[in-house]
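Enquirer: Submitted below is the structure of interest, expressed as structure tokens.
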Amino acid sequence: MPKARKTLISLEDTPYYHCVSRCVRRSFLCGEDKLTGANYEHRRQWVEKKLIILSGVFAIDLCAYAVMSNHTHVVLRVNKSKAESWTNRQVIERWHQLYAGNYLSQRFMARQSLGVAEKKQLDTFVQAWRERLFSISWFMRNLNEHIARQANREDKCTGRFWEGRFKSQALLDDKALAACMAYVDLNPVRACMADTPETSDHTSVKERIRCTQNAERIHQPKHLLAFVGNPRQNMPDGLPFELNDYLALVDLTGKVYRNDKRGSINQHLPPLLERLSLTQNQWEALTRDFEKHFSYFVGSANSIKVAYQRQGYTRSPGLRSCLALLSP
Numbered sequence: 001m002p003k004a005r006k007t008l009i010s011l012e013d014t015p016y017y018h019c020v021s022r023c024v025r026r027s028f029l030c031g032e033d034k035l036t037g038a039n040y041e042h043r044r045q046w047v048e049k050k051l052i053i054l055s056g057v058f059a060i061d062l063c064a065y066a067v068m069s070n071h072t073h074v075v076l077r078v079n080k081s082k083a084e085s086w087t088n089r090q091v092i093e094r095w096h097q098l099y100a101g102n103y104l105s106q107r108f109m110a111r112q113s114l115g116v117a118e119k120k121q122l123d124t125f126v127q128a129w130r131e132r133l134f135s136i137s138w139f140m141r142n143l144n145e146h147i148a149r150q151a152n153r154e155d156k157c158t159g160r161f162w163e164g165r166f167k168s169q170a171l172l173d174d175k176a177l178a179a180c181m182a183y184v185d186l187n188p189v190r191a192c193m194a195d196t197p198e199t200s201d202h203t204s205v206k207e208r209i210r211c212t213q214n215a216e217r218i219h220q221p222k223h224l225l226a227f228v229g230n231p232r233q234n235m236p237d238g239l240p241f242e243l244n245d246y247l248a249l250v251d252l253t254g255k256v257y258r259n260d261k262r263g264s265i266n267q268h269l270p271p272l273l274e275r276l277s278l279t280q281n282q283w284e285a286l287t288r289d290f291e292k293h294f295s296y297f298v299g300s301a302n303s304i305k306v307a308y309q310r311q312g313y314t315r316s317p318g319l320r321s322c323l324a325l326l327s328p
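Heads up: the sequence shown is residues 1 to 328, going by the UniProt record's numbering.
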């Protein structure tokens with residue numbers, strides 16, 4: 001029997017998640033509809049802009065994204081501790097960027113005095129809003145609902161725009177995280193929408209490359225979770241990889257895709273792939289068909305079993321793929 005979506009978001013197992021949203025039937029999110037000739041390319045900017053806004057409101061970090069013609073990919077990290085560190089006023093300020101709040105929250109932000117019972121009631125609201133501000137479901141709801149309303153308004157129609165809410169995969173370890181991010185960043189290359197990662201518009205990898213090419217000030221995009229290097233003691237908050245290693249690996253992998261054949265990755269692999277103990281064939285399979293290989297949880301065989309047992313599953317979907325593609 002299918003499990004409730006909330007059981008598939010298990011912060012006890014991992015803060016990292018890959019989420020995919022697809023349009024209904026043959027609706028176009030972006031790109032050009034060859035049947036009608038209509039061009040929806042401008043909608044890519046809608047999605048990218050909204051993602052950046054939401055990542056600044058929610059306690060959810062944006063690791064990677066790609067806006068395709070009829071679907072979107074995002075890799076997110078839930079930062080629960082950040083949400084828990086906010087004061088009540090900070091929570092309300094952020095919630096009011098999304099919704100109007102209520103009479104009590106508006107009075108509180110206007111610094112009007114509240115009675116004891118009113119303060120207690122407001123605390124209840126704030127706690128609910130705090131939990132929603134580190135909820136992937138609420139993040140995706142705000143993203144997809146906003147885009148659907150804009151698209152329907154432009155198309156002068158009503159009704160469902162997305163197939164469903166969204167599909168999610170929990171990324172349980174560094175191997176799963178690196179492979180999924182590369183898979184997302186290379187989506188336009190694999191779909192022949194771009195020749196190289198640096199020319200793939202509306203993707204996180206293009207933003208990262210653009211910032212590293214700034215001769216005056218090399219930096220990382222503020223709206224994306226930063227790469228902070230390999231795991232070590234007193235490690236800063238961020239992605240546990242070297243940025244240069246990751247970009248080099250994505251570039252090499254992208255070149256293999258464009259050859260329209262199996263090809264081979266240069267033997268001088270970036271240290272990232274060596275550290276993850278993944279073979280050339282494993283990496284190619286992971287970054288070519290990541291979604292098809294795995295179900296809800298992605299990681300080592302042991303972490304998969306633990307995660308499914310914690311959620312009450314009697315089986316471990318995707319275990320065979322994890323053993324084949326994520327084991328040394």
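Here a beta-carbon is modelled for each residue, glycine too, at the ideal position from N, C-alpha and C.
1. Please state the DSSP three-state secondary structure of Thr212.
2. Starting from Ala66 and walking both ways along the alpha helix (DSSP H), at which residues does that stretch end?
3. Pull the bridge partners of Phe227 from the DSSP assignment, please.
4. Going by other Cβ atoms of all chains shown within 10 Å of its Cβ, with 16 needed for buried, is Asn281 buried or exposed?
5. So, using beta-carbon positions, are Cys180 and Val298 closer together than 8 Å?
6. Locate the alpha helix (DSSP H) running through Lys49, then write down its first and last residues.
7. So, is Lys206 buried or exposed, given that buried needs 16 or more other C-beta atoms within 10 angstroms?
8. Where do the ends of the beta strand (DSSP E) carrying Ser168 lie?
9. Buried or exposed: which applies to Arg262, given that a residue is buried once 16 or more other Cβ atoms fall within 10 Å of its Cβ?
10. When you compare only the Cα positions, how much space is there between Val116 and His18?
11. Should Tyr65 be labelled buried (16 or more other beta-carbon atoms within 10 Å of its own) or exposed?
12. Kindly identify the DSSP beta-bridge partner or partners of Cys23.
13. Alpha carbon to alpha carbon, what distance is there between Ser137 and Met1?
14. Just to confirm, does Gln97 get its C-beta within under 7 Å of one of the non-hydrogen atoms of the ligand MN?
15. Among Ser21, Ala59, Asn70, Leu51, which residue has its Cα nearest to the Cα of Asn39?
16. What separation, rounded to the nearest whole angstrom, lies between the Cα atoms of Leu133 and Leu278?
17. In whole angstroms, what separates the C-alpha of Phe28 from that of Lys119?
18. Please report how far the alpha carbon of Met68 lies from the alpha carbon of Leu171, in whole angstroms.
19. Assign Arg262 to one of three DSSP states: helix, strand, or coil.
20. Can you check which of these residues, Asn79, Phe139, Tyr16, is closest to Gln97 by C-alpha distance?
Expert: Per the coordinate set shown:
1. Thr212 falls in the helix class under three-state DSSP.
2. Following the DSSP letters along the chain, one finds Ala66 in no alpha helix (DSSP H) but inside the beta strand (DSSP E) bounded by residues 60-67.
3. Beta-bridge analysis with DSSP links Phe227 to Leu239.
4. Exposed: under 16 other Cβ atoms inside 10 Å.
5. Between Cys180 and Val298, the C-beta spacing is below 8 Å.
6. For Lys49, the uninterrupted alpha helix (DSSP H) run begins and ends at 43-57, by DSSP.
7. If you draw a 10 Å sphere on the C-beta of Lys206, you find 16 or more other C-beta atoms in it, and that means buried.
8. Looking at the DSSP string, the run of the beta strand (DSSP E) that includes Ser168 is 167-171.
9. In this prediction, Arg262 scores a pLDDT of 49, lower than 50, which makes its location untrustworthy; the coordinate-derived value is nonetheless stated afterwards. So Arg262 counts as exposed.
10. Whole-angstrom Cα-Cα distance: 43 Å.
11. Within a 10 Å sphere around the beta-carbon of Tyr65 sit 16 or more other beta-carbons, which makes this residue buried.
12. BP columns for Cys23 point to Trp162.
13. Because Met1 carries a pLDDT of 45, less than 50, the predicted location of this residue cannot be relied on, and no value is offered for it.
14. Among the ligands in the structure shown, none appear at all, so the ligand MN cannot be discussed.
15. Ranking the options by Cα distance to Asn39, first place goes to Asn70.
16. The straight-line gap separating the alpha-carbon atoms of Leu133 and Leu278 is approximately 35 Å.
17. When rounded, the distance between both Cα atoms is 47 Å.
18. Rounded to the nearest angstrom, the gap between the Cα atoms of Met68 and Leu171 is 22 Å.
19. Because Arg262 carries a pLDDT of 49, less than 50, the predicted location of this residue cannot be relied on, and no value is offered for it.
20. The residue with the shortest Cα to Cα distance from Gln97 is Phe139.
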